[in-house]
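Counting in this note's numbering, the sequence shown runs from 24 upward without gaps. This report refers to the structure that appears directly beneath it.
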Amino acid sequence: MSTPTTAPEPAPGDRRSPWSRTVRRTADGSLAVGGRDVRDIAAEHGTPVYVLDESDLRARARTFVTAFRDAFADLAGADVYYASKAFASVAVPRWVHEEGMHVDVSTGGELAVALRAGVPGQALALHGNNKSDAELERALRAGVGRIVLDSLGEVDRVADLAGRLGLRAPVMVRVTTGVHAGGHDYISTAHEDQKFGLSLAGGAARAAVDAVLARPELTLLGLHSHIGSQILDLSGFEVAAAALLRLRAEVADQTGTLMPELDLGGGYGISYTGADAPPAPDRVATTLADVVRRASAELGTPPPRVSVEPGRAVAGPAGLTLYRVGTVKPVVLDGGGERRYVSVDGGMSDNIRTALYDAEYTAALANRRSTAPAVLSRVVGKHCESGDIVVRDVLLPADVAPGDLLAVPATGAYGRSMASNYNLVPRPGVLAVRDGQSRFVVRPESEEDLLALDLG
């Protein structure tokens, strides 16, 4: 059994808080977000629903841009890319770009959304370990600022496509540095035995660099690294950055080509339960700037322009999921004791991370304040799976009952973006709230949507 948590009360400005900055308790005990009472949201828009705090998301994007601009002001500058995989609707790339961010995409769908949002091609980066020719061609025609090469075979594929289109493609080489970081093996992405990037230790990264330099259709911008996700300790970034800078200096010494850029990826963690204190953006920025400054001086090379790719750290805390309670069932545990199973009207189809990664969340009674004693509870969904768990262990008031509202914070990233239609449950909509107003930026699906795809 994991350690049960009690959802911390909203605490604007507290880095340990999993709630967005506008979440408050109203005078009569309900939660409000973006100036809207969750009871009104549920009554008007139904549940389950993802609620996205636009002001909070914009503020987090702005904070990252400012932090990196200031930290790298005396170096070669820095760019901050929003990682679309965390969550992308047409509104979100537009918001973050308005706040000064570039946008990272990894599929044709994410590219289409970013272009529909009006993000200019030069502000886009295309990732992916298995990009199709159609995705690459669309990116080249859109004038993306960089294509991150993930395999040796991709070097010639991109060069050949660029040649046919009469273009010169700006590329980076993704390097697996051997640094292992993140909250779960499946989200640690820089150790050797995984699908992403080209090995530094095995020589594949250097081979890719040399292959790029041999193709006049390509412009080698620099090296890229992404070491994992939900990272709370910055030491892995320091090790990875130093390794990339050494490779950059080696290439410059041996070929005369000094790559102008370095991308250190993202993966910065957030607080899901109130137990963690993730590093603030200004600390991330100054830590990386110090590494780049020191390593560049030691290697005798001018510092590169640096880019990073936060996604979860921008969108995650800006979102919560609002559910309505259905069945409440007490279960006697082995050895005595009791756990209540609190079933809600969503589940693993709108948040797969608990089942997939053993991710920890918390939950709070959202429609009222309770003075009942807290009891060990498990928040579960409505799907035909025993692993359909939203919050594994949380202390909730003993009087939680059918019809109550529960809010699960920190679901702005990897909730809707990883959602499914398991058991043919329509996916919830994404409701943006700001200054007392609300609007769907992604409408909720209906049974008619599901049937419209079924050709019988």
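Glycine included, every Cβ here is placed at the ideal spot set by N, Cα and C.
Local Cβ density within 10 Å of residue i, reported as buried at 16 or more and exposed below that
| i | result |
| --- | --- |
| N374 | buried |
| P325 | exposed |
| Q145 | exposed |
| E321 | exposed |
| A397 | exposed |
| K154 | buried |
| G206 | Annotation note: pLDDT 47 at G206 (below 50); position unreliable, coordinate value reported separately. By the neighbour-count rule (16 or more Cβ atoms within 10 Å), G206 is buried. |
| G459 | exposed |
| D79 | buried |
| G410 | exposed |
| E470 | exposed |
| V354 | exposed |
| L476 | exposed |
| T26 | exposed |
| Q277 | exposed |
| L190 | exposed |
| G334 | buried |
| L499 | No answer is possible for residue 499: the residues shown for the chain start at 24 and end at 479. |
| S461 | buried |
| D76 | buried |
| L474 | exposed |
| T434 | buried |
| E67 | exposed |
| L268 | buried |
| I210 | In this prediction, I210 scores a pLDDT of 35, lower than 50, which makes its location untrustworthy; the coordinate-derived value is nonetheless stated afterwards. It counts as buried. |
| V394 | One point to set straight first is that residue 394 is Thr, not Val, in the sequence displayed. Exposed: under 16 other Cβ atoms inside 10 Å. |
| S294 | buried |
Cβ pair residue i, residue j closer than 8 Å
| i | j | result |
| --- | --- | --- |
| L428 | R48 | no |
| T126 | L149 | A quick correction: the sequence has Val, not Thr, at residue 126. No, they are not a contact pair. |
| A94 | A265 | no |
| T350 | P425 | yes |
| E284 | L244 | yes |
| A338 | A436 | yes |
| R306 | G100 | no |
| I412 | V403 | yes |
| A84 | E122 | yes |
| R401 | R362 | yes |
| G279 | S252 | no |
| V365 | L419 | yes |
| T199 | G226 | no |
Residue range of the alpha helix (DSSP H) that includes residue i
| i | result |
| --- | --- |
| R180 | L175 to L188 |
| S461 | Counting along the chain, S461 falls outside any alpha helix (DSSP H), though it belongs to the beta strand (DSSP E) covering Q460 to V465. |
| L236 | A227 to L236 |
| T278 | S258 to T278 |
| P35 | Where P35 is concerned, there is no enclosing alpha helix (DSSP H), given that its DSSP letter is neither H nor E. |
| I254 | Premise fails: I254 is in no alpha helix (DSSP H) and is neither H nor E. |
| I480 | Nothing can be reported for residue 480: it is not among the residues displayed for the chain, which extend from 24 to 479. |
| R197 | Per DSSP, R197 belongs to no alpha helix (DSSP H); it is in the beta strand (DSSP E), A192 to T199. |
| L322 | P304 to L322 |
| V453 | Unbroken run through V453 is the beta strand (DSSP E), V453 to R457; no alpha helix (DSSP H). |
| A475 | E470 to L476 |
| L159 | D156 to A165 |
| A66 | V61 to H68 |
Sequence-distant residues of its chain with Cβ nearer than 7 Å to residue i (five each side left out)
| i | result |
| --- | --- |
| A389 | S53, L54, V61, L345, L428, L429 and A430 |
| A34 | S40 |
| R139 | V113 |
| V465 | S112, R439, G452 and V453 |
| L98 | A312, V315, R316 and P326 |
Run of the beta strand (DSSP E) containing residue i, from where it starts to where it stops
| i | result |
| --- | --- |
| D76 | V72 to D76 |
| E284 | E284 to D286 |
| I16 | Not covered by the structure: residue 16. The range shown for the chain is 24 to 479. |
| H247 | L241 to H247 |
| L399 | A397 to V403 |
| R169 | R169 to L172 |
| P432 | L428 to P432 |
| V56 | L54 to V56 |
| A148 | L147 to L149 |
Residues near residue i by beta carbon distance below 6 Å, same chain, minus five either side
| i | result |
| --- | --- |
| A182 | R238, E240 and L241 |
| D208 | Its pLDDT being 43, under 50, D208 is placed unreliably by the model, and nothing is read from it. |
| V202 | A213, I250, G259, V262 and A263 |
| T86 | P304 |
| E468 | P449 and R450 |
| R392 | G52 |
| V17 | Here the chain covers residues 24 to 479 and nothing more, so residue 17 does not appear. |
| W42 | P33 and P432 |
| K352 | Y364 |
Beta-carbon contacts of residue i that lie in its chain and below 8 Å, excluding the five residues immediately before and after
| i | result |
| --- | --- |
| L188 | E160, L163 and R164 |
Contact test: residue i Cβ vs the ligand ATP heavy atom, cutoff 7 Å
| i | result |
| --- | --- |
| L147 | What this structure holds is no ligand at all, so the ligand ATP is not there to describe. |
### Task
Jot down the residue ranges of each uninterrupted beta strand (DSSP E) in the stretch 78-138, minimum 3 residues, whole runs only, in chain order.
Fully enclosed beta strand (DSSP E) runs of 3 or longer: 101-106 and 125-128.
### Task
Could you tell me which uninterrupted alpha helix (DSSP H) segments, each at least 4 residues in length, are contained entirely in the stretch 331-376, listed from first to last along the chain?
As far as the stretch 331-376 is concerned, its whole alpha helix (DSSP H) runs of at least 4 residues are 335-338.
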